[in-house]
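What follows is a single structure, written as structure tokens, with notes after it.
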Amino acid sequence: MVFILANRFLRVHKEAEELNLDLDQKVKERTRQLENTLEQVRELKIQQDGDYFLTSLILDPLNRNQVENDFIVLEGFSKQKKRFQFKQWKKEIGGDIIIADEICLKNRKCLVFV
16 MVFILANRFL RVHKEAEELN LDLDQKVKER TRQLENTLEQ VRELKIQQDG DYFLTSLILD
76 PLNRNQVEND FIVLEGFSKQ KKRFQFKQWK KEIGGDIIIA DEICLKNRKC LVFV
């Protein structure tokens, strides 16, 4: 009877060790997968911020105040929805634009605000 119990104890102990080893390997594999996924997300974030930066360079010339008038002082402020940093540049995109310019209609100077 003691022999049977000892044998059973050894088998259960061995099975527990195998399960622990298998679990440890599964945890390591899952950790590796999560690290790879996190690295992919970081790379995509860098690409996205680069795209945002290029978009901001395209949009910057549209935000302008070309009004030079002694009677009107025009100041504009816009806050964009998305702030980001790409390398050493901090920029914003995703909001409104402010355009102010002087145009001539039928030989009359007019101010345009958008």
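Note that the sequence shown covers residues 16 to 129 in our numbering. From the three backbone atoms N, C-alpha and C, an ideal C-beta is built for every residue, glycine too. These numbers were taken from a predicted model, which means no experiment stands behind them.
Query, Result
"I'd like the list of long-range same chain contacts for Arg-98, defined as Cβ closer than 6 Å, with 5 residues on each side in sequence excluded.", "Glu-107"
"By Cβ distance, which residues of its chain are closer than 8 Å to Asn-84, with the 5 residues on each side in sequence left out?", "Glu-117 and Leu-126"
"Locate the alpha helix (DSSP H) running through Ile-61, then write down its first and last residues.", "17-74"
"Can you tell me whether Ser-71 is buried or exposed, with buried defined as 16 or more other CB within 10 angstroms of its CB?", "buried"
"Whole-angstrom Cβ separation of Phe-101 and Tyr-67, contact assumed at under 8 Å?", "7 Å"
"Short of 8 Å in beta carbon distance, which residues of its chain neighbour Trp-104, apart from the five on each side in sequence? Order them along the chain.", "Phe-68"
"Identify every run of the beta strand (DSSP E) within the segment 88-123, keeping only runs that are complete inside it and at least 3 residues long; order them along the chain.", "97-101, 104-108 and 114-120"
"Return the CA-CA distance between Thr-46 and Arg-23, expressed in angstroms with no decimal places.", "34 Å"
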